[in-house]
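In this note's numbering, the protein residues as written are 5 to 340.
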């Protein structure tokens, strides 16, 4: 009976690394350190793995390309995608270019265009996934892809089994709370999804609530009503909040798009911002600077995020594969 030849996936399992790392290690990529390269070489030797140069020469040659998958809502117009993801895409593109790599961008929304094999097919050396976590079918697909051995890193993913990176959401929530308390606000609300697979919303709320608790304040928690997008949710949430808690004098929204909707809802109700109600968002999107008044927000360091995402994808030594946090700062503008 013919014995099956060992594959690069077998080497990856023996060495405790991803298949893409095996490929980079065996072609002496500078992104793989000496210790990892030696471990891969030892595993390949022990398994008797030999690269088939004739059959795999194109795949084993570095494509000098990163694949970036952006998950969208089914049927969503590309121009309606959360501006935060376009900003993150831009920072990833800049970091990719700084390394002399190209960026392959794929917008995916349904089973008709789901794809996770950019590295395995030789089109890219590494893959990054960003985008909405409201598309559960997409994340289920990528979870199964990762379990099958396809490797990639994600921004703000729903959790296991993904290699993920997020903003320092807890610190961001605390910064928002401390600023509102310092400016004398007493009746403070949090507006954000309470049952979202997007763990980052919970982290922002929990950090916010913990900081307020230290001052003896319990926030009003508001779940945005169902609507076509975050902005519309924010408008509706503001109306519900004012109806049930007309004395509210400050709001922290879980994202800038929600905050911009809340801002519109407050204006519709005749509230002055920030005189009557202070407002803080989270994400630092450019649209917030164009609002009237300009939106105060918790701003992640997107340049650092782009560089770290690319480094994680290429498995640079200075970045862990999961749990990396990007620093945030309070960007004070007109609403708080």
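Glycine included, each C-beta is placed from N, C-alpha and C at the ideal position.
task: Sort 185, 156, 224, 328 by Cα distance to residue 252 and report the nearest one.
output: Looking at the Cα atoms, 224 is the closest of the given residues.
Contact under 8 angstroms by Cβ, residue 26 with residue 12: In contact: residue 26 and residue 12 (Cβ atoms closer than 8 angstroms).
task: Check each candidate in 41, 69, 150 and name the one with the smallest Cα separation from residue 126.
output: Of the candidates 41, 69, 150, the one whose C-alpha sits nearest the C-alpha of residue 126 is 69.
message: According to DSSP, simplified to helix, strand and coil, what is residue 270?
response: helix
- prompt: Which residue's Cα is closest to the Cα of residue 135: 332, 280, 110, 190?
  reply: 110
- request: Please report the Cβ distance between residue 299 and residue 263, rounded to the nearest whole angstrom; I am assuming they are in contact, meaning their Cβ atoms lie under 8 angstroms.
  value: About 6 angstroms; that satisfies the 8 angstroms criterion.
task: Identify which residue in 297, 231, 28 has its Cα closest to the Cα of residue 267.
output: 297
field: For residue 329: DSSP bridge partner residues
entry: 170
- prompt: Would the stretch 195 to 215 and the stretch 147 to 163 be scored as touching if the rule is three or more Cβ pairs under 8 angstroms?
  reply: yes
- prompt: Mapping DSSP to helix, strand and coil, what is residue 150?
  reply: It is helical.
message: With distance defined between alpha-carbon atoms, name the residue in 79, 95, 30, 36 nearest to residue 305.
response: Looking from the CA of residue 305, the closest CA among 79, 95, 30, 36 belongs to 95.
N- and C-terminal bounds of the alpha helix (DSSP H) containing residue 101: 87 to 102 is the extent of the alpha helix (DSSP H) around residue 101.
- prompt: Curious, which full-length alpha helix (DSSP H) runs of at least 4 residues does the stretch 231 to 314 contain?
  reply: 234 to 248, 260 to 272, 291 to 294
Nearest-angstrom Cβ-Cβ length linking residue 269 and residue 243, presumed shorter than 8 angstroms: Between residue 269 and residue 243 the beta-carbon gap is near 5 angstroms, inside 8 angstroms, which marks them as a contact.
- prompt: Hey, is residue 179 close to the ligand ATP, as in C-beta under 7 angstroms from one of its heavy atoms?
  reply: For the ligand ATP, the structure offers nothing, since it holds no ligand at all.
field: At least three beta-carbon pairs within less than 8 angstroms, the stretch 43 to 50 to the stretch 98 to 116
entry: no
query: From which residue to which residue does the beta strand (DSSP E) around residue 193 run?
result: 192 to 195
task: Buried or exposed for residue 57, please, with buried defined as at least 16 other CB atoms from any protein chain shown within 10 angstroms of its CB.
output: With a pLDDT of only 44 at residue 57, under 50, the local geometry of the prediction cannot be trusted, and the value read off the model is given with reservation. Classification for residue 57: exposed.
task: Note down the Cα distance separating residue 174 from residue 52, rounded to an integer number of angstroms.
output: If you take the alpha carbons of residue 174 and residue 52, they lie about 48 angstroms apart.
Residues bridged to residue 130 (per DSSP): 70
message: Please classify residue 292 as buried or exposed, where buried requires at least 16 other C-beta atoms within 10 Å of its C-beta.
response: Answer is buried; the Cβ neighbour count reaches 16.
task: Alpha carbon to alpha carbon, how far is residue 78 from residue 339? Give it in angstroms, no decimals.
output: 33 angstroms
field: Contacts around residue 122, its chain only, beta-carbon distance under 6 angstroms, and the 5 residues preceding and following it disregarded
entry: Excluding residues within five positions, the ones whose Cβ falls inside 6 angstroms are 71, 128, 131.
- prompt: Do you know whose CA, among 216, 84, 17, 187, lies nearest residue 281's CA?
  reply: 187
field: Inter-residue spacing [alpha-carbon to alpha-carbon] between residue 316 and residue 168
entry: 9 angstroms
- prompt: Quick one: what's got a C-beta closer than 7 angstroms to residue 312's C-beta in the same chain, skipping five residues either side?
  reply: 169, 323, 328, 330
field: Per DSSP, cross-strand counterpart(s) of residue 110
entry: 73
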